[in-house]
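Scroll down for the structure; my scribbles are underneath it.
In the numbering used here, the protein residues as written are 63 to 338.
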């Protein structure tokens, strides 16, 4: 038990570092126009493909645009897409999971069969299929990600509700004639918040990664908006002569996704320890 608690405390340190970095990213994304040294869309062909320097910290791209300024603009896009897509995922997955687990019967059967059908398709390829019929853009990307990523949360919430529904205190409340709505608000909802929070943290990182992949393929955020995946796509043609176009956005994607994942894993351990 002591060893597990020590592990939880250690992971809490990772959670603290991850949360601090996430807060820093949010602050930077909010004020990036004030700290960006250049206009992210401003072109200067006389300064194209310049390496990192005191004038351009992350170098310039093939159109002479400042990569550091574009990275800051891409941070806002990535966080916006990640948070909005996560919100849609959490709302849809939680509602469907609650309806399926709490009411059961035909409602449970219909929701779970629809969930099974959705799970038959790999999420990323399902998103590619939907985006192919829509106009690529930031709003379509985050809506499609949110509408196709809820299946895992729905199954988690359903399993949690099914377990809670059979607890002694819930059965006792039913025998006393307490209404279903009151039982749900007092006993079911508070106990499903923890897994939803954990899933939400992991979902933001997944949405950022998916958006970057779509932008890399040219199906995500479109110019003149900046995106980390878009910068990576443009840098692949210059990977040997302009390494900074691939390294900096790649590191940004890895660090941001890792931060959300570490926070989610740490929160999961904390909630598991509290439930024992």
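Ideal Cβ positions, reconstructed from N, Cα and C, are used throughout, including at glycine.
Cβ neighbours of residue 158 within its own chain (closer than 6 Å, five residues either side excluded): 173 and 216.
Residue burial is scored here from C-beta neighbours: residue 128 has at least 16 other C-beta atoms within 10 angstroms and is therefore classed as buried.
Distance between residue 131 and residue 180, taken at the CA atoms: about 39 Å. Ranking 259, 305, 260 and 225 by CA distance to the CA of residue 166 puts 225 first. The shortest CA-to-CA distance from residue 185 to any of 170, 212 and 200 is the one to 212. Counting the other CB atoms within 10 Å of its CB gives residue 183 a total below 16, which places it among the exposed residues.
CA-CA distance, residue 111 to residue 271, rounds to 26 Å.
Between residue 308 and residue 291, the C-beta spacing is not below 8 Å.
Residue 232 is positioned such that its CB atom lies closer than 8 Å to that of residue 245.
Per DSSP, reduced to three states, the secondary structure at residue 124 is coil, with no helix or strand assignment. Across the set 189, 163, 311 and 171, the C-alpha of 189 shows the shortest separation from the C-alpha of residue 282.
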